[in-house]
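**Q**
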Amino acid sequence: MTQSDDPRSFRQGVDLLNEHGLPWQIPLAGIADSAHHQILLKILARDALVSPEVMTKAASLSKDFIRKNRRSLGPNAQVVHELFEPFYVNLAKPDGAVFVVGDETIFSALTRELFSVDN
């Protein structure tokens, strides 16, 4: 967000934060294979913000995730792409999850499993 619509003010802008104080985002893997987000995907491609290779990889990861989990990732999912990236998880919700993007797959870390100990 910037104080004005002048493109020169972009460097002074700040990220829009979500209700948890983290930068607002829509995970690429959550929208890359979505019919509902085609206009956003076209803008990302048109403005060269995402390369065709990255878009293809994100769509492939999304399809693999859907095949394995029988559900889509969704645009509101907590997705972690790199080490030290902040993320939010509500530990009071046992059905919550954080998703970690790897080179070949998306891993699920369910809240109820985060602190489980194998016997």
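Start counting the sequence shown at 0; every next residue gets the next number (numbering that gives the first Met the number 0).
Note that beta-carbon positions come from the ideal geometry of N, C-alpha and C, so glycine has one too.
1. Mind reading off the beta-carbon distance from V100 to V116? Whole number of angstroms is fine, and I expect it under 8 Å.
2. Do the CB positions of L60 and I25 come within less than 8 Å of each other?
3. Between F83 and L40, what straight-line distance do the alpha-carbon atoms span, to the nearest angstrom?
4. Does DSSP put P22 in a helix, a strand or coil?
5. Looking only at its chain, what residues have a beta carbon closer than 8 Å to the beta carbon of W23, apart from the 5 residues adjacent to it on each side?
6. Does the distance from the CB of M54 to the CB of A31 come in under 8 Å?
7. Using DSSP bridges, identify the partner residues of L109.
**A** In terms of the structure at hand:
1. Reading the sequence shown from its first residue, position 101 is the one you call residue 100. Reading the sequence shown from its first residue, position 117 is the one you call residue 116. Not quite, the Cβ-Cβ distance comes to about 26 Å (not below 8 Å), so this is no contact.
2. Position 61 of the sequence shown, counted from the start, is the residue given in the question as residue 60. Position 26 of the sequence shown, counted from the start, is the residue given in the question as residue 25. Contact annotation: L60 and I25 have beta-carbon atoms that are not nearer than 8 Å.
3. Indexing the sequence shown from 1 puts residue 83 at position 84. Indexing the sequence shown from 1 puts residue 40 at position 41. Approximately 27 Å, taken between the alpha carbons.
4. As a first step, residue 22 must be located in the sequence shown, where it is residue number 23. P22 falls in the strand class under three-state DSSP.
5. On the sequence shown, position 24 is the one that residue 23 refers to. For W23, the CB contacts under 8 Å within the same chain, skipping 5 residues up- and downstream, are D14, L15, L16 and N17 in chain order.
6. Translated into the one-based positions of the sequence shown, residue 54 becomes position 55. Translated into the one-based positions of the sequence shown, residue 31 becomes position 32. Result yes, Cβ atoms of M54 and A31 sit closer than 8 Å.
7. Your numbering for residue 109 matches position 110 in the sequence shown. Answer by DSSP bridge pairing, in chain order: A96.
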